[in-house]
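Keeping their order, the protein sequence lines are chains H and L.
Numbered according to numbering that gives the first Met the number 0, the first sequence spans residues 0 to 393.
Numbered according to numbering that gives the first Met the number 0, the second sequence spans residues 0 to 393.
No residue lacks a Cβ here, since even glycine has one placed at the ideal position from N, Cα and C.
2 protein chains.
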Amino acid sequence: MLTRISPSKAEYTEFSTPSDPQPASVASRLIAVYRIASDASAIEGRAEAIALEQSVELPLSAVDSDVVLQDIVGEVRDVRELRAGLFEVRIGLAVSTTGSEPGQLMNMLFGNASILEDVTLADVELPAEMLTHFGGPNHGIDGLRARVGAGNRALTCSALKPQGLRNDDLARLAGQLARGGIDYVKDDHGLADQAYSPFAARVVMCARAVSEANRETGGATRYVPNITGNLDTLRTQLRVVADEGLDTVLVEPMISGLPDFHAITRAFPHIAFIAHPAMSGAARLAPPLLLGKLFRLLGADATIFPNHGGRFSYSPETCRTLANAARDAWGGLRPCMPAPAGGMTLQRVPEILDFYGDRTMLLVGGSLLAAKERLTDEARAFATRVAGYFEPHG
Amino acid sequence: MLTRISPSKAEYTEFSTPSDPQPASVASRLIAVYRIASDASAIEGRAEAIALEQSVELPLSAVDSDVVLQDIVGEVRDVRELRAGLFEVRIGLAVSTTGSEPGQLMNMLFGNASILEDVTLADVELPAEMLTHFGGPNHGIDGLRARVGAGNRALTCSALKPQGLRNDDLARLAGQLARGGIDYVKDDHGLADQAYSPFAARVVMCARAVSEANRETGGATRYVPNITGNLDTLRTQLRVVADEGLDTVLVEPMISGLPDFHAITRAFPHIAFIAHPAMSGAARLAPPLLLGKLFRLLGADATIFPNHGGRFSYSPETCRTLANAARDAWGGLRPCMPAPAGGMTLQRVPEILDFYGDRTMLLVGGSLLAAKERLTDEARAFATRVAGYFEPHG
């Protein structure tokens, strides 16, 4: 009953170059790119079925309206065999069906198709007016670098954890990481608004610990609180953040929902948003598309993703494609900072920098925190190694 | 690099009975149940790694605090081999880490683990106080039956589509389906707030068409608008719905985000919410858990899911488990109405009713609409067949 070939096992290296948005002349359609596991004899029918599923959700014979047949029904644009049993299918979907709303865009791209186990949403190509409408990062790579005075170097990031610590312990860690010169010190994505470390008090205490460290060192470390909950809660927390003079937050778009994520990036344009991949899954929505393109489209200034060789299973090729989708030229959108993470260590810094270059934020959490009382020194070693890596060697 | 066995291929038939919430004495932990594809020799280590990933996200050696070690670190409670290479792992997670918030609950259950391709979230067991806190359906099966005067019979549902039709065409379809005696006439989940059928006008026109049909027939058909967007938009649309005197809506919780979904079920307790599975995927979060249990926990009065033998690939066992998770006794939560859908036809009504019994809402869309000018008759045949099926045969 279930197909055996998972389309997720194919690499996403042949990703459409984001530098080439469709010209306005075909602006009425966006292109959804699916990977479908299928016999060659069945693929044309599968492609047509998905074009209907993702548009009118009816057999063509049940559609009476000429307007719907011409302007709304999905169009199979191309079917290409990637390897035996795996096909790439490009389907044109009417832009008008998205209602210019992020949730409805996802619904059109993958709403019902997400329930088909042998279909992966691999990529999307959007006309220029959709890029302009959604708007992308408010700050992006340049803004994140500028606010910590980093010039053109790679950035460093670390995390406050484990959850379960009280706010004063978290604030102490934040101060130590700031003294070590980490650019962005973020909450663990598990820190929400729990009784043992309530949000509002945590923000104040960690922000002040980082401020104090910055005054001592002359540094510009940013404390990055994790915001959670529904749109009301997200806004309330953003106001706490802004009131404390902070300008960067962490958010999990696949938990908050993409409509709320987009709403807050537009409502708080002075805040930089670092997107965390929690609940993003890996199997059915291509990571370069979701974490690279779509999070960027909706306003992520940086996007955290599991680096190859860590605790997760992304390949180097997936990581490279994801990073480039986040930061390569794409219409008028600002580049989004790729932030490889997930079991990284100081020893891997040179390798990671060679791989991603300097338009990157390196996120090292647990392996710094394991240094315990030597945390500030370990953080400093991390910051120094990253800052000095691309400098000319004497 | 990627494992070859997908845990999603296992059936979810050994689902924990929802009638047995944990007693208060173990209230401080919820149980997350994972399916992990692994070699037998590695599974203990994998289980421990996931217990850490989903709690402190640190190696144990990096955790200093006794409180965190005792109260926060995930505990592997059981590891069981389901078949060669596939294991069920039960992990106790601290209730306190969820902050009693739906998004953070999902984050704790599957945030980072969702990125591990060989791990599926199969089930969850929640202590009684979490059921009480989230609250579940406001109306559920009894309420949905009562508002259409259905007594104890199965319910019928159909959908307005294709998208791209104008509001007057949609309203005409709504009237025809209502005249045929369908209980719930819902928007297609692709109907959002598009230029060609704007929400507010659609609600008014379809509601009035259904009212008029009800006045003629003496029926109690409900029109069910699809609400979309961020929390602000959802609330605005719900106010339009309530102002028009409607009492039931369709919503896509995996697109709106679970925090917003829960927020609106609590803020609009007089409205019944039918949950649509768009973007729910199928592979990594067990459908009975997500569409049955979790949507119910957060307030779905009915839950739509792809029936076996239709356009999607759920097996009969998955469907039965899902339906029972939605409606079996679970603490004090009201039962949620299972609504099998996805390529259903009138011919299948007896089989579907035999399979699901009368605490079911049958959703037939496209195959009714294919009747075109005979839509009212076809709708009446559907309604009559369902209403009469369990009556004693003379």
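Proximity to Ala382/H across Gln53/H, Asp182/H and Glu56/H peaks at Asp182/H, based on C-alpha coordinates. Against chain H, a Cβ distance below 7 Å from Ile71/L picks out Pro161, Gln162 and Gly163. Between the C-alpha atoms of Met253/H and Pro276/H there is a straight-line separation of about 7 Å. The CB of Ala369/H comes closer than 7 Å to the CB of Pro58, Ser60 and Ala61 in chain L, given here in chain order.
Look at Thr227/L: its C-beta is under 8 Å from a C-beta on chain H. Pairing Gly102/L with Ser37/L gives a Cβ-Cβ distance that is not under 8 Å. Residues of chain L with a Cβ closer than 7 Å to the Cβ of Pro305/H are, in chain order, Ile114. Taking 8 Å as the cut-off, the Cβ atoms of Val209/H and Tyr195/H do not count as close. Under the Cβ criterion of 8 Å, Val78/H is not counted among the residues facing chain L. Within the model, the alpha-carbon separation for Leu120/H versus Phe198/H is close to 36 Å.
If you ignore the 5 residues before and after His261/L, its C-beta comes within less than 8 Å of the C-beta of Pro101, Phe133, Leu297 and Gly298, all in its own chain and listed in chain order.
Within the model, the alpha-carbon separation for Arg34/L versus Met278/H is close to 16 Å.
Judged by DSSP in its simplified three-state form, Lys292/H adopts helix. Around the beta carbon of Asn151/L, a 10 Å sphere encloses fewer than 16 other beta carbons of the protein chains shown; the residue is thus reported as exposed. In the three-state reduction of the DSSP assignment, Ser95/L falls in the helix class, which pools H, G and I. The beta carbons of Ala271/L and Thr247/L sit closer together than 8 Å. Between Thr97/H and Ile71/H, the alpha-carbon positions lie close to 11 Å from each other. Assignment of beta-bridge partners to Glu350/H by DSSP yields no partner.
Close to Thr235/H, with beta-carbon spacing below 9 Å, lies no residue of chain L; the smallest spacing is near 12 Å. Against Gln193/L, the close residues of chain H are Ser95, Thr96 and Gly98, in the order they occur along the chain (beta-carbon pairs closer than 7 Å). The alpha carbon of Gly218/L has as its nearest neighbour, out of Arg82/L, Arg379/L and Leu237/L, the alpha carbon of Arg379/L.
Between the C-alpha atoms of Glu215/H and Ala170/H there is a straight-line separation of about 16 Å.
Residues of chain H with a Cβ closer than 8 Å to the Cβ of Asp231/L are, in chain order, Leu230 and Ala262. Within the same chain, Cβ atoms closer than 8 Å to the Cβ of Pro58/H are found at Leu51, the five residues on either side in sequence being excluded.
Judged by beta-carbon spacing, Leu249/H lies within the 8 Å limit of Pro224/H, meaning their Cβ atoms are closer than that value. Neighbours of Asn111/L across chain H, judged by C-beta separation under 7 Å: Ala277. Under the 10 Å beta carbon count, Thr131/L is surrounded by fewer than 16 other beta carbons and is classified as exposed. Contact of Phe311/L with chain H is assigned, a C-beta pair being separated by under 8 Å.
Not flagged as an interface residue toward chain H: Gln346/L, since no C-beta distance is shorter than 8 Å. Between Ile114/H and Phe311/L, the CB-CB gap stays under 8 Å. At a cut-off of 8 Å between beta carbons, Val66/L contacts chain H. Rounded to the nearest whole angstrom, the C-alpha separation of Cys205/H and Asn166/H is 8 Å. Classified as buried, His138/L has 16 or more neighbouring CB atoms from the shown chains inside 10 Å of its CB. By the neighbour-count criterion, in which a residue is buried when 16 or more other Cβ atoms sit within 10 angstroms of its Cβ, Ser366/H is buried.
In this structure, the beta-carbon distance from Ala61/L to Leu368/H falls below 8 Å. Under the Cβ distance rule, Glu251/L counts among the residues neighbouring chain H, one pair being separated by less than 8 Å.
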